[in-house]
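Residue numbers (our numbering), protein chains in the order written: chain E, 1 to 139; chain L, 1001 to 1139. Positions of the beta carbon are idealized from the N, C-alpha and C atoms, including for glycine.
Number of protein chains: 2
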Amino acid sequence: MTTADTIERTLSRRGYRLTSPRRTVLDTMRGLGNHFTAEEVQHASPEVGRATVFRTMKLMRELGVICQVVLDDGTAVYQLADEDRADHHHHVICTECGRVTEFASDGLEGELERVADETGFEIDTHRLELYGRCASCNS
Amino acid sequence: MTTADTIERTLSRRGYRLTSPRRTVLDTMRGLGNHFTAEEVQHASPEVGRATVFRTMKLMRELGVICQVVLDDGTAVYQLADEDRADHHHHVICTECGRVTEFASDGLEGELERVADETGFEIDTHRLELYGRCASCNS
DNA sequence: GAACGCCTTGATACTACGTATCGATACCCA
DNA sequence: TGGGTATCGATACGTAGTATCAAGGCGTTC
Ligand SMILES: [Mn+2]
Ligand SMILES: [Mn+2]
Ligand SMILES: [Zn+2]
Ligand SMILES: [Zn+2]
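Printed below as a string of structure tokens:
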């Protein structure tokens, strides 16, 4: 979870400010726990205009503060990124309780690069999600 | 691309029928080429009710006849699956022209299983998408 | 062939998601 | 102090997908 100070610095570096509505949306997301939808953020921040909620979430996504997680049915939820994994990582999603966990693997990234070569495409990025049941839902 | 006969058999096995509206939607999707959105299918099948378009697309997705492809911005497009790859595969998406290509890799699947073990989750499925530029857009 | 049940359909309404527009403010810097 | 840019909220708009419901189709069974 990225601190407000870090976020403010990143915003500032790009000419943006950490305003009061942005702060509210950030606090809301922190209060919503492991993962949340756009609608949940809206409902929990009634003082902030709807457009601003979306704008802020989009901005935070660009900064890597939150990540989008695609569920197995194709819908999306969001998650505050661990500060240390803010750059590149993937998600394991519990189809039972919805819990989202982040992970990264150098071995996997290497294998992905090898596969990417064979596609004939010039690959820039990728997205990977694993679906299953978490330890607690599994017992 | 799965034949109508194959689809009819699969539907029949589940107690469903290949009706005229379903046939229309299938033909429409075949006519739309490499990939298409829900809206494009609707527009190209005005005789069919909107709800039926969505219902049919959902059904075809469950049968593995079409696959959902998540773009890098999180939106979704759809694609008729190659009959031989109908079971499990992934997608390479050109961020320039939108072209979607399917691929599969045993090596990758093996590496994925290894990574999945370390998550502490009981993994059922996964989703992987690669984003880049196709050969023709790259030149 | 009639009755019945289930599948299917289209119209409609509704919810969610996200973007575009626009006039009004707030902040920063010269 | 004045201008320029960022930001905001309200609103409207477009797309995606689901829920409801009444009507029609089709197969099976009697
Ligand atoms: Mn994440
Ligand atoms: Mn596919
Ligand atoms: Zn769980
Ligand atoms: Zn291309």
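Neighbour flag for residue i against chain E, beta carbons, 7 angstroms
i, result
"L:Thr1028", "no"
"L:Arg1017", "no"
"L:Glu1111", "yes"
"L:Gly1098", "no"
"L:Glu1129", "yes"
"L:Phe1054", "no"
"L:Leu1071", "no"
"L:Leu1108", "yes"
Residue-chain proximity (residue i, chain L), Cβ-Cβ < 7 angstroms
i, result
"E:Tyr78", "no"
"E:Asp124", "yes"
"E:Gly64", "no"
"E:Ala51", "no"
"E:Leu11", "no"
"E:Ala44", "no"
"E:Arg133", "yes"
"E:Ser139", "no"
"E:Ser105", "yes"
"E:Thr119", "yes"
"E:Gly74", "yes"
"E:Val41", "no"
"E:Val92", "yes"
"E:Leu59", "no"
"E:Ala116", "yes"
Which residues DSSP lists as bridging residue i, in chain order
i, result
"L:Gly1132", "E:Ile123 and L:Cys1094"
"E:Ala76", "E:Val70"
"L:Glu1102", "L:His1091"
"L:Phe1054", "L:Phe1054 is not bridged to any residue."
Distance cut-off 6 angstroms: residue i Cβ against heavy atoms of ligand 2
i, result
"L:Gln1079", "yes"
"L:Glu1102", "yes"
Cβ-heavy atom distance, residue i to ligand 4, below 6 angstroms
i, result
"L:Glu1129", "no"
Residue i CB to nearest heavy atom of ligand 1 below 6 angstroms
i, result
"L:Cys1067", "no"
Residues with a Cβ closer than 5 angstroms to any heavy atom of ligand 3, in chain order? E:Cys94, E:Glu96, E:Cys97, E:Arg99, E:Cys134 and E:Cys137
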